[in-house]
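Going left to right, the sequence shown walks through residues 0 to 386 as numbering that gives the first Met the number 0 numbers them. By construction, the Cβ of each residue, glycine as well, lies at the ideal position given by its N, Cα and C atoms. Note that the coordinates shown come from a computational prediction; the quantities given were computed from them, not determined experimentally.
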Amino acid sequence: MDENSQDLNDSNRGSTTMAIPMQQIQSGPSQSGTARHEFSLPPVDTGKDAWCFLAACWAVEALVWDKYKGFSFSFGVFQDYYSSHEPFRGSGNIASIGTTTMGVMYIGTPVVIALCRLFPRQARWFTLAGLFVASLAMAMSSFCSTVPQLLGVQGVLFGAAGCFAYSPCVLYIDEWFVRRKGMAYGIMWSAAGFGGVVLPLLLESLLGRFGFATAMRIWSGILFAAAAPLALFIKPRLPHSPSVSSRVRTFDMAYVKTRLFALHQLANVIQATGYFLPGIYLPAYARAQFGASGFLAALTVILVNIAATVGSVMMGSLSDRLHVTTCVILSAIGGTTAVLLIWGLSSSLGVLYLFCTVYGLFAGGLDVHVARHHARGGAEGDRERQQ
């Protein structure tokens, strides 16, 4: 059975599951009422509701919990400001604020997703609550005067709020998109390019023009005003069913012992270890090797982010047509070739910019395949445990 057929069968099973409680609440034996209830659900892969949901996920990804270039990875702007302006200038552990934000988000997201499954009725409002707390954390940081205070507010509180804002997006996207699931993930994660290009420039402009306290209050208002209205569209496609929820409450952790899960995790660790390194060293490399000015050096990261935006959508759409393993191999070969040949043999700033573009196109889209690969791996892991 191919991957798209498996996705379609998963969707059909979901629809059948929802038909059972509908039959239980029928006052009579008529089956037409059940059919009307079942087909009254919004369509998958298309329609106003599906696209509004995806647009809302894109906004949350870009503004709050962007895996690569959102607020948490725009912290370099804040770090530079804190290091050179009072009352934080000369303080130690400034860099730990940004790493704490990312650490809390990465570690906390699986926990929040588990909470979403345990409390599906309440999970519908996790995004809105997370956005409110994230905006409140930014406003509270404007009153901070020490690094430990920033660590607690921008690091821990904002990171935890980001987990709650982002987790329902991951949980519900499988309900809204089936045949075009790869494209949906690609569009949502293309927010990486927006976050990596626009947010650092916006934050730097606000800090330079208004100062720290006022800039944080303005950013708090922008964050909530831009994302909160869209958050109302982040909702499950399938209505809440007590009979389904009771089955979800039981967690089967046997999959962590399978060989397939171990291979997936090993691949994820290796990929994550290498992906971030070019973004860290590219500006310094351009400045040291080619004498690039501040903007020309920063342009290296901007090009990677722009290319990653295109690459995420391109690779996501490709995964809807080709086997996911083929897409992963293409992405890995493209990114590796760019590092070894183009960057490794670069002799001018123009060639380095070419590397940034190629690397962003291929490596930037690799994570789009992870969701499809693990969804497929989950089914195969079940078969592996049964053998």
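If you count every other CB in all the chains shown that lies within 10 Å of the CB of Val-323, and 16 or more means buried, which is it?
buried
Expressed to the nearest angstrom, what Euclidean distance is found between the alpha-carbon atoms of Ala-128 and Ser-330?
36 Å
At the level of alpha carbons, what is the spacing between His-36 and Pro-235?
Confidence at His-36 is low in this model, with a pLDDT of 45, below 50, so the placement of that residue should be treated as unreliable; the coordinate-derived value is given next. Their backbone Cα atoms lie some 16 Å apart in a straight line.
Rounded to whole angstroms, what is the Cα-Cα separation between Pro-119 and Val-350?
50 Å
In three-state DSSP terms, what is Cys-143?
coil
Three-state secondary structure (DSSP) at Trp-50?
helix
Please confirm if Ser-83 has its CB atom under 7 Å from at least one CB of chain D.
Among the chains of the structure shown, chain D does not appear; only one protein chain is present.
Could you check whether the region 208–217 touches the region 45–54, counting it as contact only if at least three pairs of C-beta atoms, one from each stretch, sit closer than 8 Å?
no
In angstroms, rounded to a whole number, what distance separates the CA positions of Gln-78 and Leu-170?
33 Å
Only counting runs of 4 or more residues, tell me where the alpha helix (DSSP H) segments fall wholly within the region 218–302, in order along the chain.
241–247 and 258–289
Find the nearest neighbour of Pro-199 within the set Ala-297, Gly-333, Ile-106 and Pro-277, judged by alpha-carbon distance.
Ala-297
How is Ile-24 classed by DSSP in three states: helix, strand or coil?
Confidence in Ile-24 is poor, its pLDDT being 34 and thus under 50, which makes the residue's placement too unreliable to answer from.
Go ahead and pull the three-state DSSP assignment for Ser-345.
coil
Within the region 69–107, ranges of the alpha helix (DSSP H) (whole runs, at least 4 residues)
74–83
Out of Ser-95, Thr-126 and Ser-90, state which residue places its alpha-carbon closest to the alpha-carbon of Val-59.
Thr-126
If we call anything under 7 Å between Cβ atoms a contact, is Thr-100 one with Gly-151?
no
Residue of Leu-302, Val-76 and Val-63 minimising C-alpha distance to Ser-204
Val-76
Could you say which of Ala-306, Tyr-358 and Ala-55 lies nearest to Val-445 if we only look at CA atoms?
Because the chain is modelled from 0 through 386, residue 445 falls outside the range shown and cannot be assessed.
Could I get the ranges of all uninterrupted beta strand (DSSP E) runs contained in the region 151–176, with 3 residues as the minimum, in chain order?
none
Enumerate in chain order the residues of its own chain whose CB-to-CB distance from Cys-355 is below 6 Å, with the five nearest sequence positions on each side excluded.
Thr-299, Leu-302 and Val-303
So the alpha helix (DSSP H) Ala-331 belongs to, where does it begin and stop?
323–336
Evaluate Phe-193 with the Cβ neighbour count: other Cβ atoms within 10 Å of its Cβ, from every protein chain shown; 16 or more gives buried, anything less gives exposed.
buried
If you check the beta carbons only, do Met-187 and Cys-326 fall under 7 Å apart?
no
Quick check: what's the CA-CA separation for Ala-113 versus Leu-231?
21 Å
Helix, strand or coil at Pro-42 [DSSP, three-state]:
coil
Can you give me the C-alpha to C-alpha distance between Leu-262 and Thr-272, rounded to a whole angstrom?
15 Å
According to the neighbour-count rule (16 or more other Cβ atoms, all chains shown, within 10 Å of its Cβ), is Val-357 buried or exposed?
buried
Pull up the distance between the alpha-carbon of Leu-130 and that of Thr-257, whole angstroms please.
37 Å
Environment of Ala-283 [buried if 16+ CB atoms lie within 10 Å]
exposed
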